[in-house]
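For what it's worth, this note's numbering labels the leading residue of the sequence shown as 51, then goes sequentially.
Backbone N, C-alpha and C fix where the C-beta goes; we use that ideal spot for every residue, glycine too.
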Amino acid sequence: MKLVKILLLRSLNLHILFTKEKIDNNLITKFSRTDKVLHCPILISKKRNFPKIDYSKFTYLVLTSSNALRFLNFSKELLNLQCYCVGSQTAELAKLKGFKSVISAGGNYSSLKNIFFNTVEDKTNRVLYLRGEYVSHELEKEFKKEGYNIFSLINYTSSVNMNFSKQIIPIINNDEPKTIFLYSKRSSDAFAKVILTNNLSSKCKLICLRVISENALNPLKKIKWQNIRVFNIGDEEFCLD
51 MKLVKILLLR
61 SLNLHILFTK
71 EKIDNNLITK
81 FSRTDKVLHC
91 PILISKKRNF
101 PKIDYSKFTY
111 LVLTSSNALR
121 FLNFSKELLN
131 LQCYCVGSQT
141 AELAKLKGFK
151 SVISAGGNYS
161 SLKNIFFNTV
171 EDKTNRVLYL
181 RGEYVSHELE
191 KEFKKEGYNI
201 FSLINYTSSV
211 NMNFSKQIIP
221 IINNDEPKTI
231 FLYSKRSSDA
241 FAKVILTNNL
251 SSKCKLICLR
261 VISENALNPL
271 KKIKWQNIRV
281 FNIGDEEFCL
291 D
């Protein structure tokens, strides 16, 4: 499978670049009906060894990324947990894996936190937070501050795609992308480094930048963009103007 996937259907209006490792196929299909879609992952995930967990001791499962589900061995005890997901993509994957009770927060961390705090009143029940090695928010700390009995488990890690720079430089130089989606601060850090190291800043003036959070925007503020918007996962199709 090629690192950069170009899906082309019908007439092309925009060139859209996704930098997330896994993109919802429905989203790709919807965009590619009228636009040229480029997929160039900045971060690559891999499983990290973790101790065996007795899932029967937990009541709730919190997920801020679908990657956490990619590196699990599923059991009846795990699938019985009430699953709180950051967005629709993670929620859909959870349902496919067999979780019976799945709640989607609509694509951002603040909504996930607020929904959980407003719906879970019994703070004595144990909460399992499955996460990657690198996270953008201190979820465990905030849940504990609210009095929840939460346990954090790291089951995957990620590293910068070594081929990303080689792939992205000609794409930017050829003025291909009109809209770029970035999904984490680490992705933004790596992307900014490529732009600044290779003197591509002038090429960014015509690019619409879409970032998952203000935190993810910080590394890219020194670069001039056509416009900038913060988006929620699942709302990409509404962020092209």
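How far does the alpha helix (DSSP H) with residue i in it reach, from first residue to last?
| i | result |
| --- | --- |
| Arg236 | Lys235 to Thr247 |
| Tyr159 | Tyr159 to Thr169 |
| Arg120 | Asn117 to Arg120 |
Using the rule of at least 16 other Cβ atoms within 10 Å of the residue's Cβ for burial, across every protein chain shown, is residue i buried or exposed?
| i | result |
| --- | --- |
| Lys86 | buried |
| Ser209 | exposed |
| Thr84 | exposed |
| Ser234 | buried |
| Gly284 | buried |
| Asn282 | buried |
| Leu180 | buried |
Once the 5 residues before and after residue i are set aside, which same chain residues still bring their CB inside 6 Å of it?
| i | result |
| --- | --- |
| Lys52 | In this prediction, Lys52 scores a pLDDT of 43, lower than 50, which makes its location untrustworthy; the coordinate-derived value is nonetheless stated afterwards. Around Lys52: no qualifying Cβ. |
| Ser116 | Gln139, Thr140 and Leu143 |
Considering only their Cβ atoms, is the gap separating residue j from residue i smaller than 9 Å?
| i | j | result |
| --- | --- | --- |
| Glu228 | Leu267 | Per the sequence presented here, residue 228 reads as Lys, with Glu not at that position. No, they are not a contact pair. |
| Phe241 | Pro220 | no |
| Lys150 | Leu122 | no |
| Leu88 | Glu226 | yes |
| Ser186 | Tyr159 | yes |
| Val152 | Lys163 | no |
| Cys135 | Ala155 | yes |
| Phe100 | Leu189 | no |
Take residue i as the anchor and find which of the options has the nearest alpha-carbon.
| i | options | result |
| --- | --- | --- |
| Leu246 | Ser125, Ile218 and Asn265 | Ile218 |
| Glu183 | Met212, Asn168 and Arg236 | Arg236 |
| Asn265 | Val280, Asn75 and Ser82 | Val280 |
| Tyr105 | Leu113, Asn213, Thr174 and Leu178 | Leu178 |
| Thr174 | Phe68, Lys126 and Phe193 | Phe193 |
| Val170 | Asn213, Arg120, Thr109 and Leu113 | Thr109 |
| Pro91 | Ser202, Asn211 and Lys107 | Asn211 |
| Asn130 | Lys107, Arg260 and Arg98 | Lys107 |
| Ile273 | Ser252, Ile204 and Lys97 | Ser252 |
Could you check where the beta strand (DSSP E) with residue i kicks off and where it finishes?
| i | result |
| --- | --- |
| Gln132 | Gln132 to Cys135 |
| Lys272 | Where Lys272 is concerned, there is no enclosing beta strand (DSSP E), given that its DSSP letter is neither H nor E. |
| Phe193 | Phe193 -> not in any beta strand (DSSP E); alpha helix (DSSP H) instead, spanning Leu189 to Lys195. |
Please list, in chain order, all residues of the same chain as residue i whose beta carbon is under 8 Å from its beta carbon, the five residues on each side excluded.
| i | result |
| --- | --- |
| Leu250 | Ile219, Ile222, Asn223 and Val244 |
Go through its chain and collect everything with a Cβ distance to residue i's Cβ below 7 Å, but skip five positions before and after it.
| i | result |
| --- | --- |
| Asn248 | Ile219 |
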